[in-house]
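Quick note, in numbering that gives the first Met the number 0, the sequence shown goes up one by one and the last residue is 391.
Virtual Cβ for every residue (Gly too), placed ideally from N, Cα, C.
Since the model is a prediction, treat every value here as computed from it, not as a measurement.
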Amino acid sequence: MTVLVINSGSSSIKYQLVDPESGEALAVGLVEQIGEGSSHIKHTYRGEKHEFDEPLADHGEGLRYVLNLFDTIGPKLSEAGIKAVGHRVVQGGNHFDSPVLITPEVRDLVEELSPLAPLHNPANLRGIDVARDLLDVPHVAVFDTAFFQTLPEEAARYALNREVADKYGIRRYGAHGTSHQFVSESVTEYVGRTDLKQIVLHLGNGASVSAVVNGKAVDTSMGLTPLEGLVMGTRTGDIDPAAIFHLRRVGGMNVDEIDNLFNKQSGLKGLAGENDMRAVWALAEGGDAHAREGLDIYVHRIVKYIGSYAAVMGGLDVIAFTAGIGENDDLLRTEVVERLKGFGLTLDESQNAIRGDEIRQISTDESSVQVLVVPTNEELAIARAAMEIINK
Ligand code: ADP
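Have a look at this one:
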């Protein structure tokens, strides 16, 4: 029994064939540069990576190519017992607080929500449309925003004029919810207690932090879009919105230029010249002052959120680090926890230095807060959600 998980981006399709019970990924792949002349395809099966370059004009051609790879390289989908397709959808607005079976109505709602996520929902929808055409199994949408539908109004509502905010749907929807939910549930299971105040730090190319009390999200750093909050690979995170007025009035930039500046030319890339955290460290270790300052700003923002979320929750039991940087960057974790020493947090340096794909504690037993590294697995979470829906 398997689920094909699809994450369709504007010019890419990422996919995994997952066994939701064992958690095993039977095949993993990626089609990149769709519609850009020559597309690049990677398909990994039984530990062997197969790579191709082919001109694929659109997502339909891309997915057809992938299905052909399943037939020729394996595993054959029919023999792998494919039961459903799970689609990652970035924006579910206030319509979806959990995964749903994709019906024509659901599909149209995802399209209606596109103005709230213009970079993501149309791309997700392309994946949904072609996959529904090509694969005759139930399709399930899993929303990045769903986990944050529990946010109390005081966290979700901006102090923006109520009429304007409601007319245009401007509020905090959050993002990366599938990961925050998966990680906070893993923490609950690992610690063996449900009454926990947790802070989950999802630090990847995109980065977000959430406050979770007794399994429910009470605040998160991403807002109307994934631009708000922490410093990211290429995104500013928090910035005074008046910077936009200033760049418009004084800098003469138009809205698209500012959008591109904030989303694609800022964050670590804008501060240090590199968006990949490993490259930023390499620069900093080589004495590059801008890279070191970029890291300081990155850490400062994380520490600031930890303090504010601990205050919001009235306490703190667990900090969980996850995603590419959170799971792998022991130096970064050290810098964050060092800054919290005054609150009684202490790191177990040898545990922190270990690499692994299991959940583990990196704080000492004396630490006032348990600090964990928790591998995220959004594909598995999507596959399990899809199975749950079709079993209902
Ligand atoms: P995405 O948001 O694209 O899913 P990931 O969760 O894969 O991103 O995280 C990508 C980030 O993780 C990159 O900045 C990369 O440099 C960083 N990363 C991966 N491995 C390491 C490592 N060993 N040390 C530091 N950073 C790492």
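DSSP on residue i, reduced to helix/strand/coil?
{"i": "residue 193", "result": "coil"}
{"i": "residue 350", "result": "helix"}
{"i": "residue 238", "result": "coil"}
{"i": "residue 357", "result": "coil"}
{"i": "residue 307", "result": "helix"}
{"i": "residue 56", "result": "coil"}
{"i": "residue 104", "result": "helix"}
{"i": "residue 389", "result": "helix"}
{"i": "residue 274", "result": "coil"}
{"i": "residue 7", "result": "strand"}
{"i": "residue 220", "result": "coil"}
{"i": "residue 363", "result": "coil"}
{"i": "residue 321", "result": "strand"}
{"i": "residue 333", "result": "helix"}
{"i": "residue 379", "result": "helix"}
{"i": "residue 372", "result": "strand"}
{"i": "residue 229", "result": "coil"}
{"i": "residue 99", "result": "strand"}
{"i": "residue 17", "result": "strand"}
Nearest to residue i by alpha carbon, out of the options?
{"i": "residue 395", "options": "247, 171, 181, 266", "result": "Lying outside 0 to 391, the shown extent of the chain, residue 395 is not represented and no answer is given."}
{"i": "residue 309", "options": "364, 195, 274", "result": "195"}
{"i": "residue 222", "options": "126, 128, 77, 155", "result": "155"}
{"i": "residue 303", "options": "339, 126, 280, 368", "result": "339"}
{"i": "residue 354", "options": "79, 332, 234", "result": "332"}
{"i": "residue 50", "options": "57, 39, 56", "result": "39"}
{"i": "residue 330", "options": "95, 366, 284", "result": "284"}
{"i": "residue 371", "options": "244, 311, 124, 184", "result": "184"}
{"i": "residue 238", "options": "115, 172, 226", "result": "226"}
{"i": "residue 352", "options": "108, 149, 328", "result": "328"}
{"i": "residue 345", "options": "142, 104, 362", "result": "362"}
{"i": "residue 36", "options": "16, 47, 57", "result": "57"}
{"i": "residue 358", "options": "163, 52, 376", "result": "376"}
{"i": "residue 138", "options": "31, 202, 84", "result": "84"}
{"i": "residue 369", "options": "350, 380, 356", "result": "350"}
{"i": "residue 122", "options": "277, 244, 10", "result": "10"}
{"i": "residue 28", "options": "67, 298, 383", "result": "67"}
{"i": "residue 32", "options": "153, 61, 80", "result": "61"}
{"i": "residue 151", "options": "179, 217, 267, 193", "result": "217"}
{"i": "residue 193", "options": "316, 107, 381", "result": "316"}
{"i": "residue 293", "options": "128, 271, 306", "result": "271"}
Between residue i and residue j, which are expected to be in contact by the criterion C-beta below 8 Å, what is the C-beta distance as a whole number of angstroms?
{"i": "residue 99", "j": "residue 140", "result": "6 Å"}
{"i": "residue 318", "j": "residue 229", "result": "Rounded, the Cβ-Cβ distance is 14 Å, inconsistent with contact."}
{"i": "residue 5", "j": "residue 86", "result": "5 Å"}
{"i": "residue 73", "j": "residue 44", "result": "5 Å"}
{"i": "residue 19", "j": "residue 382", "result": "4 Å"}
{"i": "residue 235", "j": "residue 261", "result": "5 Å"}
Rounded to whole angstroms, what's the CA-CA distance from residue i to residue j? Just pull it up for me.
{"i": "residue 247", "j": "residue 240", "result": "11 Å"}
{"i": "residue 88", "j": "residue 174", "result": "10 Å"}
{"i": "residue 135", "j": "residue 24", "result": "21 Å"}
{"i": "residue 177", "j": "residue 385", "result": "12 Å"}
{"i": "residue 54", "j": "residue 34", "result": "7 Å"}
{"i": "residue 324", "j": "residue 82", "result": "33 Å"}
{"i": "residue 76", "j": "residue 133", "result": "12 Å"}
{"i": "residue 280", "j": "residue 231", "result": "15 Å"}
{"i": "residue 335", "j": "residue 342", "result": "12 Å"}
{"i": "residue 158", "j": "residue 14", "result": "39 Å"}
{"i": "residue 259", "j": "residue 116", "result": "14 Å"}
{"i": "residue 211", "j": "residue 286", "result": "38 Å"}
{"i": "residue 337", "j": "residue 366", "result": "12 Å"}
{"i": "residue 104", "j": "residue 110", "result": "10 Å"}
{"i": "residue 47", "j": "residue 8", "result": "24 Å"}
Which parts of the region 132 to 217 are runs of the alpha helix (DSSP H), unbroken and 4 residues or longer, counting only runs that do not cross its ends?
-> 152 to 155, 161 to 167, 176 to 190
Could you pull out every unbroken alpha helix (DSSP H) segment of at least 4 residues lying fully inside the region 24 to 97, listed in chain order?
-> 58 to 71
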